[in-house]
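Asks: Residue numbers (the numbering used here), protein chains in the order written: chain H, 254 to 598; chain P, 254 to 598; chain V, 254 to 598; chain B, 254 to 598.
We put the beta carbon where it would ideally sit given N, CA and C, even for glycine.
Protein chains: 4
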Amino acid sequence: MRFASDNSGPVHPRVMEALVAANEGWALPYGNDDWTRNAADKVREVFEAPDAAVYFTATGTSANVILLSTLTQGTQTIFCTPEAHIHVDECNAPEFYTGGAKLTLVEAEHGRMLPKALRAEIQTLREGGVHSPQPATLSLTQVTESGTVYTLSALKSLVDVAKDAGLSVHLDGARFSNALVALGVTAAEMSWKLGIDAVSFGGTKNGLMGVEAAVIFDPEKAWEFELRRKRGGHLFSKNRYLGAQFGAYLTDDLWLEMARTANRSAARLEQGLAGVAKVTHPRDANMIFAELSRDRHQRLNAAGAQYQVFGSLDGVADEPLPCRLVCDWSITEAQIDRFVEIAQG
Amino acid sequence: MRFASDNSGPVHPRVMEALVAANEGWALPYGNDDWTRNAADKVREVFEAPDAAVYFTATGTSANVILLSTLTQGTQTIFCTPEAHIHVDECNAPEFYTGGAKLTLVEAEHGRMLPKALRAEIQTLREGGVHSPQPATLSLTQVTESGTVYTLSALKSLVDVAKDAGLSVHLDGARFSNALVALGVTAAEMSWKLGIDAVSFGGTKNGLMGVEAAVIFDPEKAWEFELRRKRGGHLFSKNRYLGAQFGAYLTDDLWLEMARTANRSAARLEQGLAGVAKVTHPRDANMIFAELSRDRHQRLNAAGAQYQVFGSLDGVADEPLPCRLVCDWSITEAQIDRFVEIAQG
Amino acid sequence: MRFASDNSGPVHPRVMEALVAANEGWALPYGNDDWTRNAADKVREVFEAPDAAVYFTATGTSANVILLSTLTQGTQTIFCTPEAHIHVDECNAPEFYTGGAKLTLVEAEHGRMLPKALRAEIQTLREGGVHSPQPATLSLTQVTESGTVYTLSALKSLVDVAKDAGLSVHLDGARFSNALVALGVTAAEMSWKLGIDAVSFGGTKNGLMGVEAAVIFDPEKAWEFELRRKRGGHLFSKNRYLGAQFGAYLTDDLWLEMARTANRSAARLEQGLAGVAKVTHPRDANMIFAELSRDRHQRLNAAGAQYQVFGSLDGVADEPLPCRLVCDWSITEAQIDRFVEIAQG
Amino acid sequence: MRFASDNSGPVHPRVMEALVAANEGWALPYGNDDWTRNAADKVREVFEAPDAAVYFTATGTSANVILLSTLTQGTQTIFCTPEAHIHVDECNAPEFYTGGAKLTLVEAEHGRMLPKALRAEIQTLREGGVHSPQPATLSLTQVTESGTVYTLSALKSLVDVAKDAGLSVHLDGARFSNALVALGVTAAEMSWKLGIDAVSFGGTKNGLMGVEAAVIFDPEKAWEFELRRKRGGHLFSKNRYLGAQFGAYLTDDLWLEMARTANRSAARLEQGLAGVAKVTHPRDANMIFAELSRDRHQRLNAAGAQYQVFGSLDGVADEPLPCRLVCDWSITEAQIDRFVEIAQG
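So, in structure tokens, the structure goes:
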């Protein structure tokens, strides 16, 4: 009963097979190999963006911050929500890579940034002139950190505010695939067609060993990305093993299949918990934010279920405690049903 | 009628005389001169801190950020209010000097940080472990950016929260003198006796040409400050001219006399505006935050009064518009009374 | 005939098997898994350093710069040779991670730093006081970038100069294993027993997919390393796949076996080239720096041999052109002999 | 007998008078005052550059590094000589302000960079591709740190190498005035007419209290400079006092008059030392590098002469010891002659 995160399950067997298959002979280092080229081409196909610059990095944070620092200087600011992974969970990596840019927090509801609040923050900073950090970049997360998914039109409203103000737009798509299948749209529709400039297209949380694709639609920014990747220590000599993973990911819709499975599992779990859990954010993809009474948490904990509970397990039995439940591609129906059974207890 | 800021008036004549007097012959560079030594000794006397490290820099931002970067590393965070000068008005200088530390914003009322909110923010970050920036430093502003003054016991509550959590405490005292005379306490009582580790002790906003004293009570941190001052380009070769100013400032209580005058002027202005202005933050020192109707602002503007109005002068005549009015040591009663007369109109 | 680098060959089959074996079920993220723990324990055993902090990163640059930035601040300097990988091949990564520390270049012969030159450089900077970057860290490379290996006593002389001056010492051991088998000493003898504080213990150039162990002998520095790893985007969620590789590496002496093979191959190649190649640096491990006449390079190139030639292939036939030849664990005797045959041709 | 540096003498009386005169009433802050505007206009006139962006900072290091960071990013490199002030005497300020750019040292003779060596260094880095820092900026010092002056054609050769490679060129002109009068050329001829992009035009070492003009000939870079000045803590609120100094400096050729006096004094000193001092670099302006026997240094030291001696005063009497002697505008003929008399003794 593993619902703590989607970053802890195994690698999909087809990805592992691709790694083993790639382990033959000698390959040019630093991404000048066929596996990397092939995987980058596949990303460009998926995004219908033949000119896009595509790179592979091994962690979500590195994809985010190399992209953000390609778009943002140290005298500038990045707009994000108070819940944003880049603000909360990356130990100042964005500040570090940009040389000291600020993260300006913009009000959000259920993890989704409010366009009006974004406009107001930009306006305030503009009035500050040289005394303020300069508005440069909007960073949105899709699936959001609250498990919700922006509709295309919600994204569009935010991107429009950014573009009106001359900002670049980055999408933290650690769970890009889960959002895509939730909305039933294409990668192009959820990115450059809206005006988004750069995407961290996640793989690690969706069945890979540790690969994200960093996609930049304006190829003129490619070289600046490459320099920052190298300077960050993220250029792999044996890059073929990143390429091989991502190639397999995008072969025969494996990435979509795994995302669909994960979302379906979360739906099953949500349904199963009906009556005992109060869902606090709309469950749009593979994450559930909910409140369960403390005694239910205690029972689940005793049974070995793993997931995030916010608060102490000790206390009044029927007090509701918030928690987060995440499903990855590998969770089984049996595990879900067992969890439900205990929770329903 | 100059109420825009206390950073725009002339230098006090006694300070100017000291500069002229210092302009004799040759002096060792980089602060190894008698004027600097003498002024630093005076600061130590004022603070009753014989071991304190004392340096002079030419801008408030430089004093703040060299101190903050002496106390804070790039993987860490500084706690301040959303209105803090270091967050709002220094174009990411704290992020820059610290190598990418974050500024964690803590809820405040009338510019004064709430201890409970500080404790909660520290707690949240602690739980994040390596994923969160590490709590390192609390930075408070006295007089606050809203023109209010913390009582000693209010400061104490905040410092205690910080100290319990192992944080250092910095005081942005751009208007330190104004706060001191407002409270009628000593510099020691308003700093190290509370547990404060470092103070930006302002001079520029209180009659100097451009000097702040950076005071660090633990002399073991002195060398790290000196390196950051040099690396920031803030070590003056002809440092005697900074020392001469600050020496004059602390001679015969000139600093207190100017601060008292400024506070008294603001009180007179506030009193004069009674009935037409709604004061929005308690006026504790030399700054007034108030709302006046737009037509009053229009009349004042037409008469050449200079001060900050937040909003457009065009619009409904009797709509209240917020503004900020600051008195420095040089403002005359005649100017104040004339301003009042027009506002009362 | 692949002699361009040891960063381009395949992963050793036993390492691949370990990866496949690790791909079972769920594991705690961020290194809190058994594979990581097991591999770290093995590193501690190899180094006879039960208290050492051990971490795994995926690139040599990241291991180097996270360690260097744990030991060095932005106001300080790192001493290295003009040929050092950290100076020449990391696109300012050390400057970036340390927040702007300088790399002070110290004279070297055949890639080996001269102790007298190191002492002189430290002395010069010390005299500069606050105007100079502060001497902080010595970084040595073993095997050097010129393919030579320091004897233990040569290392000792350098470490002693550093320690006398209060510096920390880092060893860039991208080819640590090759040096170890070349000298026939233990990991402890070639590190902490000499006074070395931190080692980048390479795996990628010696048969792994992409893993280096960062070893810090003073565990009090561990947390600072962890923060910088996270902030650099180098903390892997699925860390077990790093641990599994390094665990296999250190099992049944695989690491030593691969290094011995590589060194032996280079010796065979050097021997084979006797008469036609002038070796320009002593060949101590798995790299040969030599001069061959241009026509020999032309023949080798035409036959598809891959290696670094410094200069143009077009020109006078019998002019000597320098080149670098590197052997990894996977190069076959047949390839070596074929290369020799063509070169001798 | 003050020959230690030109950064320690008094401010010229006409500059002091201008400061006193500026101390009237209220002035808009942050450089929006008449004194600043007037002085900037005068700089533009002197440089015959009506579109140039001109700013005033209070230290030479700040002028250098704000300019350098406007021209250079953290993934890039700045070329300078091993003696360059920015490398030797600014405690990593260039690395800090640029976010970690490297300083690539280029061979020089008598402090003057060799064009051939510059071209070779650029070439080497270009070949490194993404692994090398990217060539961005050439920084030259005029008067050099060895007291020599580049001829215009020597400067031209270096600028041409830089421009061919797409680099920007910065001139550290801490002693710009001394070089100008030494060569008898115009400011335009010694800057933009050669292709130089930015100049630190010194005042502090030539009779001011602490002001340098930062001049950028391409006004499109102005805003980036302003942001970096603010972020560095170098934007003065009471900027009029910087403007007033520089305005007086450029009035009635005071700057040239002081520089001529300083150079003339150095010539007189050099002449006086003929026979007892061996000049080690051509004395082109106001600095002498020479060797005197130790006993002469001992006598001078005993008589209270202040200047830099490189080496210990204790030792063999007739051993030559190198020293540096600098004349500023305020040194008197009597002091020079007395120094000579003792040295000749």
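1. Of the choices GLY419(B), LEU367(B), GLU479(B), GLU380(B), whose alpha-carbon is the least far from that of THR394(B)?
2. In angstroms, rounded to a whole number, what distance separates the CA positions of PRO263(H) and GLY278(V)?
3. Is the beta carbon of VAL307(V) sitting closer than 9 Å to the one on TYR350(V)?
4. Could you name the residues of the same chain whose beta carbon sits closer than 7 Å to that of ALA316(P), not counting the 5 residues immediately before and after it, in chain order?
5. Let's test the definition: count the other Cβ atoms within 10 Å of the Cβ of GLY460(V) and tell me whether it reaches 16, buried, or not, exposed.
6. Ordered along the chain, which non-local residues of its own chain (more than five positions away) have a Cβ less than 6 Å from that of GLY364(H)?
7. Just the C-alpha distance for ALA302(P) and ASN431(P), rounded to the nearest angstrom, thanks.
8. Going by the CB atoms, is the gap between LYS458(V) and SER258(H) shorter than 9 Å?
9. Where are the beta strand (DSSP E) runs, 3 residues long or more, that stay fully inside the segment 313-343 of chain P, in chain order?
10. Buried or exposed: LEU566(V), going by 16 or more other Cβ atoms within 10 Å of its Cβ?
11. Bridge partners for VAL562(H) per DSSP, in chain order?
12. Using 9 Å as the limit for Cβ to Cβ distance, is PHE349(H) near chain V?
13. Anything in chain P within Cβ reach of GLY352(V), meaning under 9 Å, just list it in chain order.
14. By alpha-carbon positions, which one of PHE478(V), GLN597(V), ARG513(V) ends up nearest to THR328(P)?
15. Using beta-carbon positions only, say whether ALA237(P) and LEU495(P) come within less than 9 Å of one another.
16. Considering only residues of the segment 457-487 of chain H, which uninterrupted alpha helix (DSSP H) runs meet the minimum length of 4 residues and lie entirely inside it, listed in chain order?
17. According to DSSP, is HIS423(P) helix, strand or coil?
18. Going by CA-CA distance only, name the one from THR390(P), PHE592(P), ALA538(P) that's closest to GLN551(P).
19. For SER444(B), which residues from the same chain have a beta carbon less than 6 Å from its beta carbon, with the 5 sequence-adjacent residues on both sides left out?
20. Under 9 Å between the Cβ atoms of LYS483(V) and CYS344(H)?
21. Can you find at least 3 beta carbon pairs, one from the segment 346-362 of chain B and one from the segment 513-522 of chain P, that sit closer than 8 Å?
22. Quick one: which residues of the segment 465-476 of chain H get their C-beta closer than 8 Å to a C-beta of chain V? List them in chain order.
23. Is GLU544(B) helix, strand or coil when you go by DSSP?
24. Kindly provide the ranges of any alpha helix (DSSP H) runs that are 4 or more residues long and lie completely inside the segment 258-322 of chain V, ordered along the chain.
25. Relative to the C-alpha of ILE449(V), which candidate in ALA361(V), GLY463(V), GLY485(V), SER410(V) has its C-alpha closest?
26. Is it true that the CB of GLN597(H) sits closer than 9 Å to the CB of VAL529(H)?
27. Please list, in chain order, the chain B residues whose beta carbon lies closer than 7 Å to that of TYR494(P).
28. Classify THR221(P) as buried or exposed, calling it buried when 16 or more other Cβ atoms lie within 10 Å of its own Cβ.
29. Kindly say whether VAL307(B), judged by its beta-carbon, lies nearer than 9 Å to any beta-carbon of chain V.
30. Could you list which residues in chain H have their beta carbon closer than 8 Å to that of HIS384(P), in chain order?
31. So that I know if they touch, is there some Cβ in chain V lying closer than 9 Å to that of PHE499(H)?
32. Let's see if you can read the secondary structure: which residues bound the alpha helix (DSSP H) around THR514(V)?
33. Going by the DSSP bridge assignment, what does PRO388(H) pair with across the sheet?
34. Cα separation between ARG521(P) and GLY456(P)?
35. Give the single residue among ALA527(H), VAL414(H), PHE470(H) whose Cα lies nearest to the Cα of VAL299(H).
36. For the pair the segment 538-557 of chain P and the segment 264-284 of chain V, tell me if three or more CB-CB distances fall below 8 Å.
Replies: With the structure as the only source:
1. For this step, residue 394(B) is matched to residue 141 along the fourth sequence. Closest by alpha carbon: LEU367(B).
2. Start at 1 with the first residue of the first sequence, and residue 263(H) comes out as number 10. Start at 1 with the first residue of the third sequence, and residue 278(V) comes out as number 25. Rounded to whole angstroms, PRO263(H) to GLY278(V) spans 6 Å at the Cα level.
3. Residue numbering aside, residue 307(V) sits at position 54 when the third sequence is read from its first letter. Residue numbering aside, residue 350(V) sits at position 97 when the third sequence is read from its first letter. It is not a contact, given that the beta carbons lie outside the stated cut-off.
4. In the second sequence, residue 316(P) corresponds to position 63, counting from 1. Residues of the same chain with a CB within less than 7 Å of the CB of ALA316(P), apart from the 5 flanking positions on each side, are THR310, SER453, GLU465, ALA467 in chain order.
5. Here residue 460(V) refers to the residue found at position 207 when the third sequence is read from its first residue. GLY460(V) comes out buried.
6. For the purposes of this step, residue 364(H) is taken as residue 111 along the first sequence, with counting starting at 1. Only GLU336, THR397, GLU398, SER399, THR401 meet the Cβ criterion.
7. Taking the first residue of the second sequence as position 1, residue 302(P) is located at position 49. Taking the first residue of the second sequence as position 1, residue 431(P) is located at position 178. ALA302(P) and ASN431(P): Cα-Cα distance of roughly 20 Å.
8. The count along the first sequence starts at 1 and reaches residue 258(H) at position 5. The count along the third sequence starts at 1 and reaches residue 458(V) at position 205. Their beta carbons are not under 9 Å apart, which means SER258(H) does not touch LYS458(V) by this criterion.
9. Complete beta strand (DSSP E) runs here, min 3: 329-333.
10. Looking up residue 566(V) in the third sequence gives position 313. Counting of Cβ neighbours within 10 angstroms places LEU566(V) among the exposed residues, the total staying below 16.
11. Translated into positions along the first sequence, residue 562(H) becomes position 309. Answer is CYS576(H), bridged to VAL562(H).
12. What you label residue 349(H) is simply residue 96 of the first sequence in a count that begins at 1. Output row for PHE349(H): interface = yes.
13. Mapped onto the third sequence, residue 352(V) falls at position 99. Chain order gives the chain P residues near GLY352(V) as GLN326, GLY327, THR351, GLY352, GLY353, where near means a beta carbon separation below 9 Å.
14. If you number the second sequence from 1, residue 328(P) lands on position 75. Of the candidates PHE478(V), GLN597(V), ARG513(V), PHE478(V) places its Cα closest to the Cα of THR328(P).
15. With chain P running from 254 to 598 in the structure shown, residue 237(P) is simply not present.
16. Considered as a whole, the segment 457-487 of chain H harbours 475-484 as its complete alpha helix (DSSP H) runs of no fewer than 4 residues, in chain order.
17. Looking up residue 423(P) in the second sequence gives position 170. Residue state for HIS423(P) is assigned as strand, using DSSP reduced to three classes.
18. Taking the first residue of the second sequence as 1, we reach residue 551(P) at position 298. From the listed residues THR390(P), PHE592(P), ALA538(P), the smallest Cα separation to GLN551(P) is found for PHE592(P).
19. Within the fourth sequence, numbered from 1, the residue matching residue 444(B) stands at position 191. Beyond the five residues adjoining it in sequence on each side, SER444(B) comes within less than 6 Å, by CB distance, of VAL452 in the same chain, given in chain order.
20. Walking along the third sequence from the start, residue 483(V) turns up at place 230. Walking along the first sequence from the start, residue 344(H) turns up at place 91. Going by C-beta atoms, LYS483(V) is nearer than 9 Å to CYS344(H).
21. Output reads no: the segment 513-522 of chain P does not touch the segment 346-362 of chain B.
22. Against chain V - using a Cβ distance shorter than 8 Å - the segment 465-476 of chain H contributes no residues.
23. For the purposes of this step, residue 544(B) is taken as residue 291 along the fourth sequence, with counting starting at 1. GLU544(B) falls in the strand class under three-state DSSP.
24. Qualifying alpha helix (DSSP H) stretches, in chain order: 266-275, 287-299.
25. The sequence position of residue 449(V) within the third sequence is 196, counting from 1. Taking only the C-alpha atoms, the option nearest ILE449(V) is SER410(V).
26. Indexing the first sequence from 1 puts residue 529(H) at position 276. Indexing the first sequence from 1 puts residue 597(H) at position 344. Yes, Cβ-Cβ distance for VAL529(H) and GLN597(H) is below 9 Å.
27. Position 241 of the second sequence, counted from the first residue, corresponds to residue 494(P). Chain-ordered, the chain B residues with CB closer than 7 Å to the CB of TYR494(P) read MET462, GLY463.
28. Outside the displayed span of chain P (254 to 598) sits residue 221(P), for which this structure offers no information.
29. Within the fourth sequence, numbered from 1, the residue matching residue 307(B) stands at position 54. Taking 9 Å as the threshold, the shortest C-beta distance from VAL307(B) to chain V does not fall below it.
30. Taking the first residue of the second sequence as 1, we reach residue 384(P) at position 131. What HIS384(P) touches in chain H: VAL341, ASP342, GLU343, CYS344.
31. On the first sequence, residue 499(H) is found 246 positions in, with the first residue counted as 1. Not an interface residue.
32. If you number the third sequence from 1, residue 514(V) lands on position 261. First-last of the alpha helix (DSSP H) with THR514(V): 507-526.
33. Start at 1 with the first residue of the first sequence, and residue 388(H) comes out as number 135. Partner(s): THR330(H).
34. Within the second sequence, the letter at position 268 stands for residue 521(P). Within the second sequence, the letter at position 203 stands for residue 456(P). About 23 Å.
35. To locate residue 299(H), count along the first sequence from 1; it is residue 46. Per the C-alpha coordinates, the member of ALA527(H), VAL414(H), PHE470(H) positioned closest to VAL299(H) is PHE470(H).
36. Short answer: they don't touch.
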